[in-house]
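Presented below is the structure to which this report refers.
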Amino acid sequence: MDCIEVKGKTVEEAIEEGLKQLQATREEVIIEVVQQERKKLFGVVSQPAVVRLTKKQQANQMIQQVEGKAWIQDGTLYYECLDVSPTIVIGEGVICLHNGQQVEGSITLQEGDDVRIYPKEESIAQSVWRIDVDVRKLEATLTFAPGVRRRYILEDKQPSSKLYIHAKMETELIYDVSYEQVMTKLQELGIVYGVNEEAIREALHSEKKVTVVIAKGIEPTEGKDGWVEVKVGEGKRTPKVREDGTVDYREMEMIATVGEGDLIAIVHPPLPGKPGLTITNDVIPVREVHPVMIKLGKGVTMDGNRILATTGGRPQIAKKGKTVVVSILPKLVHQGDVDLSVGNIHFKGDVEITGNVQDEMVVEALGSIMILQNVNRAKIRAQQSIFIQQNVISGTVTSGENKMIVTQLIGLLQQIRHSLERMIVVIQQLMVMSKIREQDIYPVAKRLLESKFQTMMEAMKQYKTMCEQKREQIGEQWFDIGSQLDSCLLADRPNHFHCLEGMANLLRELNTFIGQYDREENDVIELSYALNSVIHGSGDVVVTGKGCYNCNIYAGGTLTVHGVLRGGEAYAQKGMKIKEVGSSLGIKTVLAVPKGETIYIEHAWEGTVVQFGKKTYTFYEEKKHVEMKWDDERQEIVFG
């Protein structure tokens with residue numbers, strides 16, 4: 001034997017053993033270490049050393065062996081087998097037949113083998129295109145992706161003992177959609193207005209997938225109903241300065257007043273809208289605009305389009321639907337406390353009380369109420385704002401009772417509007433993805449209302465129930481909009497609302513209706529501190545001092561507490577911002593807002609409960625700087 005492998009405890013021991021077996025010296029052999037020895041603890045051998053010894057004469061003979069070669073020329077494989085056979089490796093895009101059998105991977109060729117190679121067949125992907133039209137038929141888009149032809153080419157390869165064979169892939173874009181095809185499709189869809197021929201030609205020669213607008217209609221411009229421009233505003237809440245320079249905090253200059261002949265407001269006529277035009281050449285009508293109806297109350301007159309004061313006092317401008325009522329409210333100033341010696345106060349204007357309102361007394365006003373000291377176990381009711389300079393102890397404070405009804409109804413309509421917007425989007429997506437037709441919208445809408453939009457159905461039922469309960473305090477317009485929503489959402493059979501255009505029109509009507517009341521004057525309840533009290537306001541509620549303890553609070557607008565809110569329940573229609581909620585003792589305090597609003601708490605103690613719609617979250621540990629809102633997609637309360 002001229003080449004052997006030998007094991008030993010060490011490399012040196014293995015070499016000595018090999019030399020003995022070959023009967024040779026170190027100069028006569030080539031030594032290769034195949035494996036080093038490995039030892040465990042205490043010198044015990046766990047892996048022996050392995051060496052390969054080859055006599056130099058044999059090595060020289062091996063070196064003199066000639067390797068065979070393989071190469072590619074003009075797409076054909078050539079090879080020659082010499083002392084060592086060549087190897088070929090089949091790569092991407094190549095088909096290899098070895099003696100009539102298709103093979104893959106690595107092959108060692110032998111003399112006489114029939115080996116043939118071919119590039120894989122070309123693949124062709126046709127161009128893809130479509131035309132989409134938006135729901136309002138104001139815009140058409142063309143989506144185009146060019147086709148692709150892929151083919152493989154065998155390149156020449158130099159001779160090699162191990163030849164790697166792969167085909168080069170070449171791609172070619174295919175433009176097999178003509179301008180005439182697109183124009184024919186537009187005609188089939190009835191699209192004749194605002195067609196951009198240049199955009200079509202550019203898109204059909206794009207090197208990548210594109211979506212471009214190829215037809216555009218004219219967006220309608222909505223008109224504006226007549227409106228009243230108010231020329232007097234609320235005064236600043238600043239204390240009155242006496243002649244000697246000292247400040248009288250009992251006299252607060254906070255309500256704007258006018259004198260005889262002063263300008264109160266200017267009445268503007270309606271501005272008509274401009275109809276639009278669809279890409280199918282259909283006119284998009286705009287809603288009819290209406291002049292604002294002015295109802296003059298006491299103390300005002302009209303000169304042309306100007307509303308003037310005929311007497312001094314505070315102007316009151318109240319919007320009720322399309323009617324604006326303007327009048328001058330007188331002001332009653334009561335010096336001292338309101339107690340049994342004075343009796344309850346009922347006044348058709350503004351009331352200012354410089355002292356306290358004592359136990360079991362009632363103060364009512366059609367305007368605003370300002371109390372410079374405390375309210376103790378008394379009832380304060382105003383149709384407009386209420387300002388209490390100091391504290392409310394076991395009292396009831398209510399502003400804008402009629403407006404609270406409107407605020408609650410508007411809140412329900414806003415929930416319905418939000419859900420209706422989402423449902424229209426879902427139906428549009430289904431029409432594109434599942435090819436649902438217009439006549440199938442009614443059953444689809446029914447299924448959506450029963451599954452994904454149950455909250456909208458609940459809001460509808462609450463709205464109808466509340467309208468019936470408050471029939472004497474609200475106008476017929478609330479029933480009219482409810483009837484339209486009924487026809488769309490609760491109908492037993494399809495009607496004109498059950499198409500995308502019908503739903504879009506209903507959504508516009510709903511937006512217009514809500515918008516009328518969104519712009520109404522926002523009344524405020526402002527106080528420093530409250531304990532064991534009920535505070536209900538149609539607008540914002542602001543607590544400027546220490547805070548509220550064990551109170552029931554309702555705000556038709558926002559709730560802002562600069563101090564502590566501890567115990568009790570608070571609801572705010574338009575969100576809330578509170579410095580501190582609950583206590584270290586874990587006193588339960590409940591905060592609630594509609595799903596579309598936000599709650600911000602600087603410091604929330606354990607035991608605080610937050611509610612969005614009917615979904616609640618309880619704090620089981622103290623947290624700071626928390627912002628929370630409802631996520632419609634995830635259907636859960638999330639932290640900002």
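In our numbering, the protein residues as written are 1 to 640.
Each residue gets a CB set at the ideal place from its N, CA and C atoms; glycine is no exception.
In this text the structure is predicted, and so the values were computed from the model without any measurement.
Asked	Found
Beta bridge counterpart(s) of V11 as assigned by DSSP	Its beta-bridge partners do not exist; DSSP assigns none.
Candidates V115, T108, E111, T311, of which the one nearest G100 by Cα	V115
Cβ contact (3+ pairs, closer than 8 angstroms) linking the region 501-516 and the region 534-554	no
Residues bridged to I4 [DSSP beta-bridge criterion]	L53
Start-to-end residues for the alpha helix (DSSP H) that takes in R402	According to the sequence as given, residue 402 is Asn; it is not Arg. 401-433 is the span of the alpha helix (DSSP H), which, as asked, contains N402.
Environment of S434 [buried if 16+ CB atoms lie within 10 Å]	exposed
Contacts around W129, its chain only, beta-carbon distance under 6 angstroms, and the 5 residues preceding and following it disregarded	F144, V177
Alpha-carbon spacing of G261 relative to L308, whole angstroms	6 angstroms
Beta bridge counterpart(s) of I525 as assigned by DSSP	I386, V541
Nearest candidate by alpha-carbon position, reference A382, set V524, N305, R447, K452	V524
C-beta atoms of E170 and I153 nearer than 9 angstroms	yes
Assigned exposure category for W630 - 16 Cβ within 10 Å defines buried	buried
For I474 and Y554, the rounded distance between their alpha carbons	20 angstroms
Beta-carbon separation (whole angstroms), I214 vs T141, contact threshold 8 angstroms	7 angstroms
Cβ-based neighbour list, Q158, same chain, cut-off 8 angstroms, excluding 5 preceding and 5 following	W71
C-beta contact flag for I124 and I165 at 9 angstroms	no
Bridge partners - N376, DSSP secondary structure assignment	I393
Cβ-heavy atom distance, K20 to the ligand NAP, below 8 angstroms	You won't find the ligand NAP in this model; it holds no ligand whatsoever.
Best match in K574, G575, S528, W605 for proximity to H562 [C-alpha to C-alpha]	S528
Residue from E597, K579, K614 with nearest C-alpha to K623	K579
Host alpha helix (DSSP H) of E580 (start-end)	Element bounds for E580: not the alpha helix (DSSP H) but the beta strand (DSSP E), 576-581.
Secondary structure of W671, DSSP reduced to three states	Any question about residue 671 goes unanswered here, given that the chain covers just 1 to 640.
Other residues of its chain near V432: CB distance less than 8 angstroms, five sequence neighbours each side excluded	D132
G297 vs V338 beta-carbon contact at 9 angstroms	no
Under 9 angstroms between C-beta atoms of L420 and L510	yes
Secondary structure of L506, DSSP reduced to three states	helix
Three-pair Cβ contact test at 8 angstroms for the region 276-283 versus the region 180-195	yes
Start-to-end residues for the alpha helix (DSSP H) that takes in L443	What sits at residue 443 in the sequence shown is Pro, not Leu. Start and end: 441-451.
Three-way DSSP call (helix, strand, coil) for C488 in this model	helix
Outcome for V34 when other beta-carbon atoms lying within 10 angstroms are tallied against a minimum of 16	exposed
contact_flag[the region 366-379, the region 336-353] where n(CB pairs < 8 angstroms) is 3 or more	yes
Of the residues S160, E172, E139, the one placed nearest G147, counting alpha carbons only	E172
First through last residue of the beta strand (DSSP E) which encompasses R130	128-133
Status (buried if at least 16 other CB within 10 Å, exposed otherwise) for K615	exposed
M404 vs K379 beta-carbon contact at 9 angstroms	no
Whole-Å CB distance - I599 paired with V593, under 8 angstroms assumed	6 angstroms
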